[in-house]
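Report on one structure; see the data block that follows.
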Ligand SMILES: NC(=O)c1ccc[n+]([C@@H]2O[C@H](COP(=O)([O-])OP(=O)(O)OC[C@H]3O[C@@H](n4cnc5c(N)ncnc54)[C@H](OP(=O)(O)O)[C@@H]3O)[C@@H](O)[C@H]2O)c1
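In the working numbering, the protein residues as written are 20 to 449.
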């Protein structure tokens, strides 16, 4: 790459426009650090006249980003649109085929098409970097690809979504319902105002888990259907009960090698209040890796927002400007193997189960007999009567059991007239 480096930014939303401004402010600093003079030669979004946080140079604006390739020489392109397919994929593909380096914060694009795009980058001898796609400003991808490169990683997990962590933290702090706290998160810009579903249902965290697995185990991105649960059904009642048990609810993304097989999941977990992960609160993210011989490594920081995201995008930029072509997933794509995947039914946990029941004799023994039949041993029972309404809440904490066994055991409670709704299940994290 010569001394003058031409840059294009496609997508000028929250991230793209912040990055545009940062590149202008930090141009000199980047030159001092890398010896390269960067220049933004093209920008693209849907609407040229939209009011944006920072003024843009309309002379270099493209409504169709594909026209940039016809008219401008570009060395590095930032894809900041955010779709898993469509224009995000088209622009990235086109750029790589034209030997243009690509940097993206787009986890859905990488989780879905990362293997294909990495091969394309390798074939055309350019870089495809995506540090900002997982945990915003936390440099977890470079940590796995470079810092921990020679370790055998067997587990990577953490809090990978700031929106859900904020909501759970606020529900515990204020005792407010999920819906009320969600509204507050939207007002503060922590949750998307239109459709926050992909954060809340675990999808966002799951895309990140898939990217982390591929990097950690040198494998191709898994496509298997996994256990993915979000926080939409977490009741403030469960948060209060957890509090009494010295536990806290966190949405964890987990990738682990169990008996030589890959297991990936996202679901709410009960964790000890005195554990590290139990104290990562608010919009913070944290990623924990277990490797040999290094042991446990923890990175914590802001997992979203234009500032932290730009920090990672600029770190990718500097890495490219310093020179060299790197394999997007750390090793050559044809050396990455398809991971053998663990059957979801064999996933094993202690369980927290909350039953809402009619306060009648025989109901508790009904439940415990069912547990005995499935050899699920009970660690603790807490029964709270609601005398006025002749109802009771029964919370049962079990010893470890498999998903399939728990599912089969609980299935009967769908049609029991004394059990007022199907029990709430939250897995305990060791
Ligand atoms: N926001 C965060 O905190 C955060 C954190 C980490 C990672 N990310 C990732 O960063 C990426 C961008 O997120 P964002 O929050 O900045 O999204 P956003 O605010 O929705 O911005 C999307 C941008 O893409 C533009 N766009 C849409 N369709 C286009 C098309 N066909 N051609 C050209 N431009 C088009 C939009 O144009 P208009 O502005 O004209 O509508 C808009 O500027 C996503 O992959 C996201 O997952 C975001």
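Cβ coordinates follow ideal geometry from the N, Cα and C atoms, glycine included.
Is the beta carbon of residue 100 within less than 7 Å of some heavy atom of ligand 1? Here the question's residue 100 lines up with position 81 in the chain shown. When distances are taken from the beta-carbon of residue 100 to the heavy atoms of ligand 1, the shortest one is below 7 Å.
Taking the continuous beta strand (DSSP E) assigned at residue 92, which residues delimit it? Within the chain shown, the letter at position 73 stands for residue 92. Taken as a continuous stretch (DSSP letters only), residue 92 belongs to no beta strand (DSSP E), as it is neither H nor E.
Taking only the alpha-carbon atoms, compute the straight-line gap between residue 212 and residue 198 and give it to the nearest angstrom. Numbered from its first residue, the chain shown carries residue 212 at position 193. Numbered from its first residue, the chain shown carries residue 198 at position 179. Looking at the two C-alpha atoms, the distance is approximately 13 Å.
Spatial neighbours of residue 392 within its chain, please: CB distance less than 8 Å, with the 5 preceding and 5 following residues excluded, ordered by chain position. Looking up residue 392 in the chain shown gives position 373. Closer than 8 Å at Cβ, skipping near neighbours: 428.
Kindly provide the ranges of any alpha helix (DSSP H) runs that are 4 or more residues long and lie completely inside the stretch 110 to 198, ordered along the chain. For the stretch 110 to 198, the continuous alpha helix (DSSP H) assignments of 4+ residues that do not extend past its boundaries occur at 126 to 142 and 181 to 193, in sequence order.
Find the nearest neighbour of residue 64 within the set 332, 39, 50 and 45, judged by alpha-carbon distance. On the chain shown, residue 64 is found 45 positions in, with the first residue counted as 1. Among 332, 39, 50 and 45, the Cα nearest to that of residue 64 belongs to 39.
Which whole-angstrom value describes the C-beta separation of residue 125 and residue 98, a residue pair presumed to lie in contact below a C-beta threshold of 8 Å? In the chain shown, the residue the question calls residue 125 occupies position 106. In the chain shown, the residue the question calls residue 98 occupies position 79. Yes, they are in contact, since the Cβ atoms of residue 125 and residue 98 sit about 6 Å apart, within 8 Å.
Taking the alpha-carbon positions, what's the residue 286 to residue 363 distance? The count along the chain shown starts at 1 and reaches residue 286 at position 267. The count along the chain shown starts at 1 and reaches residue 363 at position 344. Going by the C-alpha atoms only, they are around 13 Å apart.
Report the option in 163, 162, 157 and 94 whose CA atom is closest to the CA atom of residue 117. As a first step, residue 117 must be located in the chain shown, where it is residue number 98. When only C-alpha atoms are compared, the closest one is 94.
Do residue 184 and residue 300 have their C-beta atoms closer together than 8 Å? Numbered from its first residue, the chain shown carries residue 184 at position 165. Numbered from its first residue, the chain shown carries residue 300 at position 281. In contact: residue 184 and residue 300 (Cβ atoms closer than 8 Å).
I want to check one thing, is the minimum distance from the CB of residue 133 to the heavy atoms of ligand 1 below 7 Å? The residue labelled residue 133 in the question sits at position 114 within the chain shown. Every heavy atom of ligand 1 is 7 Å or more from the Cβ of residue 133, so no.
Work out the CA separation of residue 58 and residue 23 for me, nearest whole Å. The count along the chain shown starts at 1 and reaches residue 23 at position 4. The count along the chain shown starts at 1 and reaches residue 58 at position 39. Rounded to whole angstroms, residue 23 to residue 58 spans 7 Å at the Cα level.
Scan the stretch 330 to 388 and note each continuous beta strand (DSSP E) run of 3 residues or more that stays entirely inside, going in chain order. 367 to 377
Can you determine whether any heavy atom of ligand 1 sits closer than 7 Å to the C-beta of residue 167, and answer yes or no? Against the chain shown, residue 167 aligns to sequence position 148. No - ligand 1 has no heavy atom lying nearer than 7 Å to the Cβ of residue 167.
Between which two residues does the beta strand (DSSP E) containing residue 56 stretch? What you label residue 56 is simply residue 37 of the chain shown in a count that begins at 1. Taken as a continuous stretch (DSSP letters only), the beta strand (DSSP E) holding residue 56 covers 56 to 63.
Bridge partners of residue 288, per DSSP? Counting from 1 along the chain shown, the entry for residue 288 is found at position 269. Residue 288 pairs with 269 and 446.
Determine the extent of the beta strand (DSSP E) in which residue 417 is found, giving its start and end residues. Taking the chain shown and counting its residues from 1, one reaches residue 417 at position 398. Taken as a continuous stretch (DSSP letters only), the beta strand (DSSP E) holding residue 417 covers 410 to 417.
Would you say the beta carbon of residue 160 comes nearer than 7 Å to a heavy atom of ligand 1? Position 141 of the chain shown holds residue 160. Flag unset: Cβ of residue 160 not near ligand 1.
In DSSP terms, what residue 81 is bridged to: Within the chain shown, the letter at position 62 stands for residue 81. Its beta-bridge partners are 63.
Proximity test, residue 126 beta-carbon vs ligand 1 heavy atom, cut-off 7 Å: Mapped onto the chain shown, residue 126 falls at position 107. Yes; taking the cut-off as 7 Å, the Cβ of residue 126 has a heavy atom of ligand 1 nearer than that.
Residues in the same chain with beta-carbon distance under 8 Å from residue 246, minus the five sequence neighbours each way, listed in chain order, please. Here residue 246 refers to the residue found at position 227 when the chain shown is read from its first residue. So the qualifying residues of the chain are 284, 285, 286, 363, 366 and 422.
Opening and closing residue of the alpha helix (DSSP H) in which residue 257 lies: Here the question's residue 257 lines up with position 238 in the chain shown. Per DSSP, residue 257 belongs to the alpha helix (DSSP H) from 255 to 263.
Cβ-based neighbour list, residue 358, same chain, cut-off 6 Å, excluding 5 preceding and 5 following: For the purposes of this step, residue 358 is taken as the residue at position 339 of the chain shown. Around residue 358: 238, 241 and 281.
So what's residue 11 in DSSP terms, helix, strand or just coil? What the structure shows of the chain is the stretch from 20 to 449, and residue 11 is not part of that stretch, so it cannot be assessed.
Quick one, which of 377, 416 and 324 has its alpha-carbon nearest residue 406's? By 1-based counting over the chain shown, the position of residue 406 is 387. If we check each option's Cα against that of residue 406, 377 comes out closest.
From residue 44 to residue 269, what distance separates their C-alpha atoms? Here residue 44 refers to the residue found at position 25 of the chain shown. Here residue 269 refers to the residue found at position 250 of the chain shown. Whole-angstrom Cα-Cα distance: 38 Å.
Specify the secondary structure class of residue 422 as computed by DSSP and reduced to three states. Stepping through the chain shown from its first residue, residue 422 is reached at position 403. Note: residue 422 maps to helix in three-state DSSP.
Is residue 302 helix, strand or coil when you go by DSSP? Stepping through the chain shown from its first residue, residue 302 is reached at position 283. Reduced to three states, the DSSP call for residue 302 is coil.
Close-in-space but distant-in-sequence residues of the same chain around residue 60 (CB under 8 Å, 5 per side omitted): Taking the first residue of the chain shown as position 1, residue 60 is located at position 41. The answer, listed in chain order, is 25, 26, 27, 79, 91, 92 and 93.
Measure the CB-CB distance between residue 219 and residue 251 and report whether it falls below 8 Å. Here residue 219 refers to the residue found at position 200 of the chain shown. Here residue 251 refers to the residue found at position 232 of the chain shown. For residue 219 and residue 251, yes; Cβs fall inside 8 Å.
Beta carbon of residue 69: closer than 7 Å to some heavy atom of ligand 1? Taking the first residue of the chain shown as position 1, residue 69 is located at position 50. Yes, ligand 1 has a heavy atom inside 7 Å of this Cβ.
Using the three-state DSSP reduction, which class does residue 200 fall into: helix, strand or coil? Taking the first residue of the chain shown as 1, we reach residue 200 at position 181. Residue state, collapsed to three classes: helix.
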